[in-house]
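For the sequence shown, the positions run 2 to 914 when my numbering is used. Notes to accompany the following structure.
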Amino acid sequence: MDRGRRAIPIWRVYASFLHLRASICDRAPHWGLWSDQRGIRVPEATPMMCIQPADWSSRVVSSRPRTRDEEGLQAVLQLEHLRCPREGTQASGSLLVRPLRRRPAMAKRSSLSIRIVEGKNLPAKDITGSSDPYCIVKVDNEPIIRTATVWKTLCPFWGEEYQVHLPPTFHSVAFYVMDEDALSRDDVIGKVCLTRDTLASHPKGFSGWTHLMEVDPNEEVQGEIHLRLEVVPGTHGSRLRCSVLEARDLAPKDRNGASDPFVRVHYNGRTQETSVVKKSCYPRWNETFEFELEEKATEALSVEAWDWDLVSRNDFLGKVVVNVQRLCSTQQEEGWFRLQPDQSKSRRDQGNLGSLQLEVRLRDETVLPSICYQPLIQLLCQDVKLGTQSPGQLIPVIEETTNAECRQEVATTLLKLFLGQGLAKDFLDLLFQLELSRTSEANTLFRSNSLASKSMESFLKVVGMRYLHGILGPIIDRVFEEKKYVELDPSKVEVKDVGCSGLHRPQTEAEVLEQSAQTLRAHLVALLSAICRSVRACPAVVRATFRQLFRRVQERFPTAQHQNVPFIAVTSFLCLRFFSPAIMSPKLFHLRERHADARTSRTLLLLAKVVQNVGNMDTPVSRAKEAWMEPLQATVRQGVVQLKDFITKLVDIEEKEELDLQRTLNSQAPPVKEGPLFIHRTKGKGPLASSSFKKLYFSLTTEALSFAKTSSSKKSTFIKLTSIRAAEKVEEKSFGSSHVMQVIYADDVGRAQTVYLQCKCVNELNQWLSALRKVSINNASLLGSYHPGIFRGDKWSCCHQKDKTDRGCDKTHSRVTLQEWNDPLDHDLEAQLIYRHLLGVEAALRTWEAKRGPGRSPKFLLNPAGSQQDHDGAPKDPLAQLLHVLQDLREAHSSSLAVPPSREPHHLLELQT
Numbered sequence: 002m003d004r005g006r007r008a009i010p011i012w013r014v015y016a017s018f019l020h021l022r023a024s025i026c027d028r029a030p031h032w033g034l035w036s037d038q039r040g041i042r043v044p045e046a047t048p049m050m051c052i053q054p055a056d057w058s059s060r061v062v063s064s065r066p067r068t069r070d071e072e073g074l075q076a077v078l079q080l081e082h083l084r085c086p087r088e089g090t091q092a093s094g095s096l097l098v099r100p101l102r103r104r105p106a107m108a109k110r111s112s113l114s115i116r117i118v119e120g121k122n123l124p125a126k127d128i129t130g131s132s133d134p135y136c137i138v139k140v141d142n143e144p145i146i147r148t149a150t151v152w153k154t155l156c157p158f159w160g161e162e163y164q165v166h167l168p169p170t171f172h173s174v175a176f177y178v179m180d181e182d183a184l185s186r187d188d189v190i191g192k193v194c195l196t197r198d199t200l201a202s203h204p205k206g207f208s209g210w211t212h213l214m215e216v217d218p219n220e221e222v223q224g225e226i227h228l229r230l231e232v233v234p235g236t237h238g239s240r241l242r243c244s245v246l247e248a249r250d251l252a253p254k255d256r257n258g259a260s261d262p263f264v265r266v267h268y269n270g271r272t273q274e275t276s277v278v279k280k281s282c283y284p285r286w287n288e289t290f291e292f293e294l295e296e297k298a299t300e301a302l303s304v305e306a307w308d309w310d311l312v313s314r315n316d317f318l319g320k321v322v323v324n325v326q327r328l329c330s331t332q333q334e335e336g337w338f339r340l341q342p343d344q345s346k347s348r349r350d351q352g353n354l355g356s357l358q359l360e361v362r363l364r365d366e367t368v369l370p371s372i373c374y375q376p377l378i379q380l381l382c383q384d385v386k387l388g389t390q391s392p393g394q395l396i397p398v399i400e401e402t403t404n405a406e407c408r409q410e411v412a413t414t415l416l417k418l419f420l421g422q423g424l425a426k427d428f429l430d431l432l433f434q435l436e437l438s439r440t441s442e443a444n445t446l447f448r449s450n451s452l453a454s455k456s457m458e459s460f461l462k463v464v465g466m467r468y469l470h471g472i473l474g475p476i477i478d479r480v481f482e483e484k485k486y487v488e489l490d491p492s493k494v495e496v497k498d499v500g501c502s503g504l505h506r507p508q509t510e511a512e513v514l515e516q517s518a519q520t521l522r523a524h525l526v527a528l529l530s531a532i533c534r535s536v537r538a539c540p541a542v543v544r545a546t547f548r549q550l551f552r553r554v555q556e557r558f559p560t561a562q563h564q565n566v567p568f569i570a571v572t573s574f575l576c577l578r579f580f581s582p583a584i585m586s587p588k589l590f591h592l593r594e595r596h597a598d599a600r601t602s603r604t605l606l607l608l609a610k611v612v613q614n615v616g617n618m619d620t621p622v623s624r625a626k627e628a629w630m631e632p633l634q635a636t637v638r639q640g641v642v643q644l645k646d647f648i649t650k651l652v653d654i655e656e657k658e659e660l661d662l663q664r665t666l667n668s669q670a671p672p673v674k675e676g677p678l679f680i681h682r683t684k685g686k687g688p689l690a691s692s693s694f695k696k697l698y699f700s701l702t703t704e705a706l707s708f709a710k711t712s713s714s715k716k717s718t719f720i721k722l723t724s725i726r727a728a729e730k731v732e733e734k735s736f737g738s739s740h741v742m743q744v745i746y747a748d749d750v751g752r753a754q755t756v757y758l759q760c761k762c763v764n765e766l767n768q769w770l771s772a773l774r775k776v777s778i779n780n781a782s783l784l785g786s787y788h789p790g791i792f793r794g795d796k797w798s799c800c801h802q803k804d805k806t807d808r809g810c811d812k813t814h815s816r817v818t819l820q821e822w823n824d825p826l827d828h829d830l831e832a833q834l835i836y837r838h839l840l841g842v843e844a845a846l847r848t849w850e851a852k853r854g855p856g857r858s859p860k861f862l863l864n865p866a867g868s869q870q871d872h873d874g875a876p877k878d879p880l881a882q883l884l885h886v887l888q889d890l891r892e893a894h895s896s897s898l899a900v901p902p903s904r905e906p907h908h909l910l911e912l913q914t
């Protein structure tokens, strides 16, 4: 490459200036904030951490692609060799790393952790005196989650967990309990609505039972309206001018999936209306109304949106109430106003609609640039690499100061952090050593909910989920398809549930038990056979981790009487905490889309019990618990022999083989998302029929969206990920389905193209949208608006605009995603979550430090080899370093909040009452 022809980045020019500034530091010891021509605010020289320049490249690794400005600023920091002007600091020959205060580098992220537990005392909606309830979760009236249907019950249990990432500007999350009907539209039972303010007032999460409320049409509003408001002076006094420009995302009130909206404007006893826009949820009016403005008038301006109906009462779509007195002080305002429900009407008697148990937690995090978290990540990684059990180690202190309530969350976050740093195996090995050091009885090993147990659970779910699906998927599918009655407990056998066999002769209890035992034997043999064949399919990092576990336990319990303990240690995680829970609840492990019925659930529970017995190595204690499982003992004993042989082969992996397998795995990256979809591509003019959709098998990788006729056919590249500009939903009226999405992309010559893909349900739709948005989030040409309709004939079906290249009529939702088990790791977010947790237990950490004696000076250097030393070369206490890093991160967050936000050009939130 000819470097002489490349343009010099602007940050290189800034770097030369910063070198000059460094030479002046001794003469100007008190530097304040300064800003360059681009408005970048650079903090004063307050050292966070000093890093040797030669070691920079191995230390600073961003977890996400940076913007050009971020890369430039980081390069500036790499080149800035400052001598700290403050007393007692020393950074000669080192690099001064400080928290950035530039607002665009910060990322504000909001996420909702949702657990829909169960419902009780729901009303009966079917003629059988029961209901078939399920839940729909909507964020700002946008459906994002649908639970499975629980059939024929008024007290359903779901137990489903979700995590949704969304913009911090969302307003509410609503839970609708529905009754599924096969032949008619599903009935609405009731809803629970939680506003953002309500969730924010519960830092530890909203949890408990909540009464279902009646769904009131006057409260089911959504969307925004674009208004221009002016106070116009005149000869006979001022006049109030209201221009109704357009609206977006209005609620569809008609059966065709749209509305016929018009607007009523009320002020000072007068009412004026716009024209009606037919069949549109994205109308454009561009109509202006004027009213006489009385001095010192206290009346507000009311703007109401309605759906026009020919033969029935008009439907309410929402309203905006404007404070005219505040408008007079600004004279003119224009912007989008959120439509509000009409709460002036009294609510009818709700009756008893039942209750819903929920656990919802809102987390708002301000994620700093990657460079700010490097000291914390370095410190934790160095602690893991040392691998000793000295009192000054950080991981034991973190474990001791973490209570049971948040242990699972901390374990998952730490695991993901170290997994991204390539240290997951070392982290878990350290936890194994800590657990073994305080365990005296072999039969209690890894039985508690310690940090080691929780971290290993998370590790298997994050790394081994695809492996789990390959083993359990076919067996679970067979159990669901057969739907056989299986029961081994004589006290629970009900012959009437089995039906008749032969010439209408009812089966006896003994026949039921024998047939059930045969069915379970067949499932167990198939499962064990699949496990024994899966040694090479198991991820290399999982095998290496189990190898470390096996060796550590073998060293701790070397006697002959404990010869089975290393095997039980492995199966305590693999069978008891991974395979068995997935067998009992396949929906929660993404093995099935629906919950099992009562008969299938019992079969799965018995199969999980048998797997637990095999995992416990058929101990007398496990046999004594349920003597009625004796008919399976021969199969269990044979399974123990097979499982021990499998574990022996599983842990027999050397470092070289581990690296080779990992290298092969990296070269064969699995698809991000795959499955059958129906495709339609718009061609020409005229109506689009549903018959134009064709079923194909799609595969989304980190490079492209491809398709083929079947899953085994050769795939053709369809859309390159770098060309994707938006992935959004299509409104229902366009194709007569609410499960259609559109992918907008640029073709080879840069022209915008759109492909329409139909999914089978709302969950599949949101999963595909989420996957597409995640892999294209860093594309430079992402759209800010789009058309939720289609261009039919000579106009858009959504807003009726006739220019095909007209700007979109709705906002894109690129930041609304669902968290999946195969999501890429986000190092910055994980580091921020760890920082947040450590900040919460800082008092306990300081207590630990006080017990250890007086701390040393918090100023330290990291040499190129990565060892932590004081200025005199003596080892530095890691806990003191950790507290110092926490203080620096706290200051970095304070600096990000101290920068005043840019003033908005209008006060729409103040105007809207």
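Note that CB positions come from ideal geometry on N, CA and C, so glycine has one too.
- Only residues of its own chain outside the window of five on either side were considered, and among them LEU452 have a CB closer than 6 Å to the CB of GLU400, listed in chain order.
- For LEU651, the three-state secondary structure derived from DSSP is helix.
- Under a 10 Å Cβ-count criterion, THR636 is classified as buried, with 16 or more other Cβ atoms of the shown protein chains found around its own Cβ.
- It is roughly 17 Å from the alpha-carbon of HIS227 to the alpha-carbon of ASP261.
- PRO567 has its alpha-carbon roughly 5 Å from the corresponding atom of VAL554.
- Under the DSSP assignment, ASP829 falls in the alpha helix (DSSP H) whose first and last residues are 828-841.
- Between the segment 840-848 and the segment 750-758 there are fewer than three inter-stretch CB-CB distances shorter than 8 Å, so the stretches are not counted as touching.
- In the DSSP assignment, HIS212 forms a beta bridge with SER356.
- Under the 10 Å beta carbon count, LEU377 is surrounded by 16 or more other beta carbons and is classified as buried.
- DSSP places TYR746 in the strand class (E or B) of the three-state scheme.
- If one requires a minimum length of 3 residues, the beta strand (DSSP E) runs lying completely within the segment 210-295 are 225-233, 240-249, 262-268, 271-274 and 285-293, in chain order.
- In the structure shown, GLU821 falls within a coil segment according to DSSP collapsed to helix, strand and coil.
- Non-local C-beta neighbours of LEU834 in its own chain, meaning closer than 6 Å and more than five positions away in sequence, comprise THR414, ordered along the chain.
- The shortest CA-to-CA distance from LEU302 to any of GLY258, GLU295, LEU514 and TYR268 is the one to TYR268.
- Here VAL138 is not near ILE128, since their CB atoms are 8 Å or more apart.
- In this structure ALA538 touches TYR468 by the C-beta definition: roughly 6 Å separates them, less than 8 Å.
- About 3 Å separates the CB atoms of GLY319 and LEU340; that is less than 8 Å, so the two are in contact.
- Under the three-state reduction of DSSP, ARG522 is assigned to helix.
- Your pair PHE551 and VAL652 checks out as a contact, with CB atoms roughly 5 Å apart and the cut at 8 Å.
- In this chain, ALA753 is not harboured by any alpha helix (DSSP H); it is covered by the beta strand (DSSP E) spanning 753-759.
- Here ASP182 has ASP188 as same chain residues with Cβ atoms under 7 Å from its own Cβ, once five neighbours each way along the sequence are excluded.
- Beta-bridge pairing by DSSP links GLN164 to SER114.
- The segment 359-375 makes contact with the segment 203-219: 3 or more CB pairs, one atom from each, lie closer than 8 Å.
- Nearest neighbour of GLN332 by Cα position, chosen from THR299, LEU230 and LEU432, turns out to be LEU230.
- Taken through DSSP and simplified to helix, strand or coil, ILE680 comes out as strand.
- Within its own chain, the residues whose Cβ lies closer than 6 Å to the Cβ of LYS280, once the five positions on either side in sequence are excluded, are ALA259, listed in chain order.
- For the segment 761-818, the full-length alpha helix (DSSP H) segments reaching 4 residues or more read 763-776 along the chain.
- For MET457, the uninterrupted alpha helix (DSSP H) segment begins and ends at 452-464.
- Nearest neighbour of THR367 by Cα position, chosen from PHE263, ASP180 and ARG891, turns out to be ARG891.
- Assignment of GLY206 by DSSP, reduced to helix, strand and coil, places it in the coil class.
- In terms of Cβ geometry, TYR374 and ASP829 form a close pair [threshold 8 Å].
- The residue among GLU594, LEU432 and GLU458 with its C-alpha nearest the C-alpha of GLN549 is LEU432.
- Put simply, the backbone Cα of ALA561 is about 15 Å away from that of ASN444.
- The segment 772-787 makes no contact with the segment 731-739, as fewer than three CB pairs between them are under 8 Å.
- A straight-line Cα-Cα distance of about 43 Å links GLU334 and GLN888.
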